[in-house]
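Engineer:
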Amino acid sequence: MTDPTTLTDPTTLTDPTTLWHPVATMLDLPHRHIFHGQLLGREVAIWRADDEFINVWENRCLHRGVRLSIGTNDGTELTCRYHGWRYSNRSAGCTYIPAHPADAPARTICNRTFAAVEKYGLVWSGEDPIGKPPIVAALDDGTPFTLRNLPVNAPSQVVLDQLRQHRFQPVASLDANTARMTATEVNDYAIALTSTALTSTETDTTESSTAVFFVQPVDSDRSIIRAVLTEVPAQVEQLGVLRHHATALGKLVIAAETAAAQLPPPEPMVATINQVSLALSVMPEPMLDRQAPLRVQVARKWITAQDIVGFELVSVGDPLPTFQPGAHLDVHLPNGLVRQYSLTNGPGDTSSYRIGVKLEADSTGGSQCLHNTVREGDVLAISEPRNNFPLRRDSLRTVLVAGGIGVTPMLAMAQALKPMGLAFELHYFAQADEHLAFEEIRSELGDAVTTHVGLSPDETGAELARLLDGYGHANQVYICGPGPMLETARTIATAAGWPDQAVHFEYFKNTTEIDNSSSFEIALARSAVNLHVPPGKSILQILRDSGIAMPSSCEQGACGTCVVPVIEGKIDHQDVHLKQSERDAGDQIMTCVSRAAGDRLVLDI
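Residue numbers for the sequence shown follow the numbering used here, so the first one is 142 and each next one is one higher.
1) What are the boundary residues of the alpha helix (DSSP H) that includes Gly602?
2) Have a look at the DSSP bridge pairing and note the partners of Pro484.
3) For Phe570, which residues does DSSP report across the bridge?
4) Is the beta carbon of Gln124 sitting closer than 8 Å to the one on Lys650?
5) When burial is assigned at 16 or more other CB atoms within 10 Å of the CB, is Thr351 buried or exposed?
6) Tell me which residues share the same chain as Glu218 and place their Cβ nearer than 7 Å to its Cβ, disregarding the 5 neighbours each side in the sequence.
7) Is Glu566 near Thr591, with beta carbons less than 8 Å apart?
8) May I ask you to report which of helix, strand or coil DSSP gives Gly451?
9) Near Leu435, which residues of its chain fall below 6 Å by C-beta distance, leaving aside the five closest residues on each side in sequence?
10) Would you decide whether Glu357 is buried or exposed? Buried here means 16 or more other CB atoms lie within 10 Å of its CB.
11) Below 8 Å on the Cβ atoms is my guess for Leu511 versus Leu474; work out the distance and round it to an integer in Å.
12) What number of angstroms, rounded off, separates the C-alpha of Ser96 from the C-alpha of Thr249?
13) Taking Pro526 as the reference, which of Asn476, Ala543 and Gly467 has the closest Cα?
14) Within the continuous beta strand (DSSP E) that includes Met731, where are the two ends?
15) State the DSSP-derived secondary structure class of Leu552, mapped to helix, strand or coil.
16) For Ala726, which three-state DSSP category applies?
17) Could you tell me which residues DSSP pairs with Val674 in its beta bridges?
18) Here's the rule: buried if 16 or more other CB atoms are within 10 angstroms of the residue's CB, otherwise exposed. What is Asn214?
19) Specify, as a first and last residue, the run of the alpha helix (DSSP H) that Leu301 falls within.
20) Taking all protein chains shown into account, decide if Ile414 is buried (16 or more other Cβ within 10 angstroms of its Cβ) or exposed.
21) Find the nearest neighbour of Ile680 within the set Asn616, Phe452 and Ile663, judged by alpha-carbon distance.
22) Using only alpha-carbon positions, find the residue among Thr702, Tyr261, Asp686 and Val674 that is nearest to Gly739.
23) Quick one: what does DSSP say Ala468 is sitting in, helix, strand or coil?
24) Span of the alpha helix (DSSP H) holding Cys703?
25) Closer than 6 Å by C-beta to Pro598: which residues in its own chain qualify, once you throw out the five before and the five after it? Chain order, please.
26) Leaving out five residues on either side along the sequence, give the residues of the same chain with a beta carbon under 6 Å from the beta carbon of Val394.
27) From this set, Val618, Tyr223, Gly638 and Ala190, which residue's C-alpha is nearest Gly611's C-alpha?
28) Assign Trp161 to buried or exposed, taking buried as 16 or more other Cβ atoms, counted over all protein chains shown, within 10 Å of its Cβ.
29) Could you tell me if Arg201 is buried or exposed, where buried requires 16 or more neighbouring beta carbons within 10 angstroms of its beta carbon?
30) Taking 7 Å as the line, does the beta carbon of Leu521 fall inside it for any heavy atom of the ligand ZN?
31) Whole-angstrom Cβ separation of Ser336 and Gln306, contact assumed at under 8 Å?
32) By DSSP, does Cys695 sit in helix, in strand, or in coil?
33) Run through the DSSP bridge pairs and tell me what Tyr619 is partnered with.
34) Grab me the residues of Ala387's own chain with a C-beta within less than 6 Å of its C-beta, minus the 5 sequence neighbours each way, in chain order.
35) Quick check on Val197: does DSSP put it in helix, strand or coil?
36) Taking only the alpha-carbon atoms, compute the straight-line gap between Ile708 and Phe530 and give it to the nearest angstrom.
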């Protein structure tokens, strides 16, 4: 046993927070499992998504701090066991809060993530690791074979000092007891040991095995030994190798814990917990004008239906932000135009963003640019995803109705509902079979998708009446498509007894003829500012001209991004975003197109 007075001086060691440490083995991460790991006094939840991405997160739900490792992993998101908050693969952003089912969580609700790399059969991570995990030539040249992990109630340096005296036999001569040991330091938390044994005195034949022992500093007084053999030949029984090393390491654990007991108790490591905002606002973060902070490259462009092109966009910088089903992007085009497109991605799929673009016959330059000018490899500027069409995930039945390119947000919603086992049906209306887009996604959704092809307006209305006949408790309907189809569906739903709050819709655009001939005053209650809105200018323009940060997206009254609460005054609603009950309430206005119906409005900004 090592004399405790000869232990390595910790003041000479590299800062452990800057190093990569093994935190799990790949065997610890079967699909749909969450592994509870620990490193430097911090608990982490480690899980592998269905796309094989390995996540290492702070092991706490941002709501009440419950461990995420006792939650559920559906392959795309983690769900907290306590109140059901859901977090997305890769980004760890909150995607759904059951207590606020009609709201899209703010992007600020995002758990802390840590880098993760698979190497030598181990998962490596760290607080703020620099560079890459250690390179061990012997492991690179062989076929790494991971041994049993052993927890030790001893500081990592006590364990490493014991490992310098550790002995084991080569895999080809496990029953012998004559091995010579050679130690090679890998770094402050790892050591390579080579065992060499003479197997024939007549020919001086020797056998050797090398094992690399990585010591994971769990806390100041706890460690985990993660050992990897360079290889185990096929003719050698693996179970015997595992038993041999487990027995030898078991003795080392006893020696390390005995040595540690003679030392003064070390101060525990205290991990820094970064607090995040838990604002549940459905509004995007304030911004001036229509900013495009993200840069993405067109990784793939393909024809998905007649006159419809799909785009796969990958980040050229930081990982892509979290989004929820129903979210859309502002895409800033090379010709200077800005257009909005819904994401078709399923939950947790943030390795890229995918959109569908229909070539409009009356295009003013947006769809034409994407179809005819933008190519694979081009870099585009886009906004962060925003969601004014959020999906509830607490319904007994969800009806998704899509017309034409309006299928894009519905595909994202369907992919969110399916893994949760929630009842839904997607009805896709199109002019002809060749106009049906994203067949690869629809095929994965199976019988939940029904296509309605070549129907006349009257036939479409009759089919919608059949689909929406008989509202049931906890039913929701989501509609996206051409304006006339949406108006028909909303009228039918109302007549069939669907309450306003159960009918959700998103328009492609606002076809209402905007009357901006009036002039009026606006009073900003929070800012103590009075402004004049002249004919020909919108409230949104006047606010921005006055230096007031205002979010917006479509700027034609369709998306709802620029909504502002109204305290006093009558409103001339000219948008297509608000429901009739919301218009009747008179407490919000779309500042891009709607105006005062009198001389003055008092806005809550």
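For every residue, glycine included, the Cβ atom is placed at its ideal position computed from N, Cα and C.
Structural biologist: Concretely, from the data shown:
1) Segment Pro598 to Leu608, the alpha helix (DSSP H) holding Gly602.
2) Note that residue 484 is Leu in the sequence shown, not Pro. In DSSP, Leu484 forms a bridge with Ile496.
3) Gly544 and His593
4) Here the chain has residues from 142 to 746 only, and residue 124 is not among them.
5) buried
6) Arg227, Tyr228, Ser229, Asn230, Thr236, Pro488 and Gly489
7) yes
8) Assignment of Gly451 by DSSP, reduced to helix, strand and coil, places it in the strand class.
9) Ile523
10) Before going on, a small fix: residue 357 reads as Gln here, not Glu. With 16 or more Cβ atoms within 10 Å of its Cβ, Gln357 is classed as buried.
11) 7 Å
12) No answer is possible for residue 96: it lies beyond the span of the chain, which begins at 142 and ends at 746.
13) Gly467
14) Gln729 to Met731
15) It is helical.
16) helix
17) Phe661
18) buried
19) Ser297 to Leu304 is the extent of the alpha helix (DSSP H) around Leu301.
20) exposed
21) Ile663
22) With distances taken between Cα atoms, Gly739 lies closest to Val674.
23) Three-state result, Ala468: coil.
24) Where Cys703 is concerned, there is no enclosing alpha helix (DSSP H), given that its DSSP letter is neither H nor E.
25) Here the set comprises nothing.
26) Taken in chain order, the residues that qualify are Leu291 and Val293.
27) Gly638
28) buried
29) buried
30) As presented, the structure is devoid of all ligands, the ligand ZN included, so that no description of it is given.
31) Not a contact, Cβ separation roughly 13 Å.
32) Three-state DSSP puts Cys695 in coil, outside helix and strand.
33) Leu541 and His645
34) Arg289
35) strand
36) 24 Å
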